[in-house]
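Step one of this worksheet: look at the structure below.
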Amino acid sequence: MQGAADDLPADVRAFIASQVASVVQLETLLMLHRTPERAWGADEVARELGIDRGWAEGQLETLCQQGLAVCADAGQGRRYHYGAAAPLRATVDALARAYAERRVTVIGLIFAKPADALRAFSDAFRIRRDKDNPGG
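Residue numbers are given in the working numbering: position 20 of the sequence shown equals residue 19, and the series is strictly consecutive.
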């Protein structure tokens, strides 16, 4: 798995590590990316991705906070469209290509993150315990 992930561009790996918390968030971002001229409502995103409306809205709001989507209140409710800041556009383009060509590798990177965090937490606990109990 590690070798396959290393084949992805470094900026894509870094973006996944720092910005992508779930496959649903990635799918939401890439859906907006594919249709930059369209403004989506949370209900539409939920239907398109087959997820709960509240979950879709949470993903969209997160993308707005990250500067990857633009959120605006409109007559028909809050609307969202792709709006990655200029420095991130090339990375999101590369991520979209990587996901289309190497979906399993990209998903593997996303799922590897919690395990790494859990392992780091576990290691920190073990080290702390060892310091507290020098004999064992």
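Yeah, the Cβ is synthetic: ideal placement off N, Cα and C, and Gly gets one too.
A quick note: this is a predicted structure, and the numbers were derived from the prediction, not measured.
Rounded separation between residue i and residue j - CA only
i: residue 18; j: residue 65; result: 8 Å
i: residue 35; j: residue 102; result: 22 Å
i: residue 154; j: residue 22; result: Outside the displayed range of the chain (0 to 135) lies residue 154, so it cannot be described from this structure.
i: residue 5; j: residue 74; result: 46 Å
i: residue 110; j: residue 26; result: 14 Å
i: residue 112; j: residue 104; result: 13 Å
i: residue 48; j: residue 3; result: 27 Å
i: residue 106; j: residue 87; result: 20 Å
i: residue 24; j: residue 99; result: 16 Å
i: residue 20; j: residue 50; result: 16 Å
7 Å Cβ shell around residue i - same chain, five flanking residues per side excluded
i: residue 140; result: Residue 140 cannot be examined here, being either before or after the span of the chain that is shown, 0 to 135.
i: residue 37; result: 80
i: residue 108; result: 4, 12 and 15
Buried or exposed (CB count within 10 angstroms, at least 16 for buried), residue i
i: residue 58; result: buried
i: residue 68; result: buried
i: residue 16; result: exposed
i: residue 83; result: buried
i: residue 121; result: Any reading at residue 121 must be qualified, since the residue scores a pLDDT of 48, below 50, and its modelled position is unreliable; the value itself is stated next. Exposed is the call here.
i: residue 97; result: buried
Cβ-based neighbour list, residue i, same chain, cut-off 6 Å, excluding 5 preceding and 5 following
i: residue 95; result: 29 and 32
Under 9 Å between C-beta atoms of residue i and residue j
i: residue 76; j: residue 53; result: no
i: residue 45; j: residue 60; result: no
i: residue 8; j: residue 93; result: yes
Bridge partner(s) assigned by DSSP for residue i
i: residue 70; result: 79
i: residue 39; result: 79
Near the ligand COA: residue i beta-carbon under 8 Å from a heavy atom
i: residue 8; result: In the structure shown, the ligand COA is absent, as is every other ligand, since no ligand is present at all.
Spatial neighbours of residue i in its chain, beta-carbon cut-off 8 Å, leaving aside the 5 residues before and after
i: residue 70; result: 59, 60, 63, 77, 78 and 79
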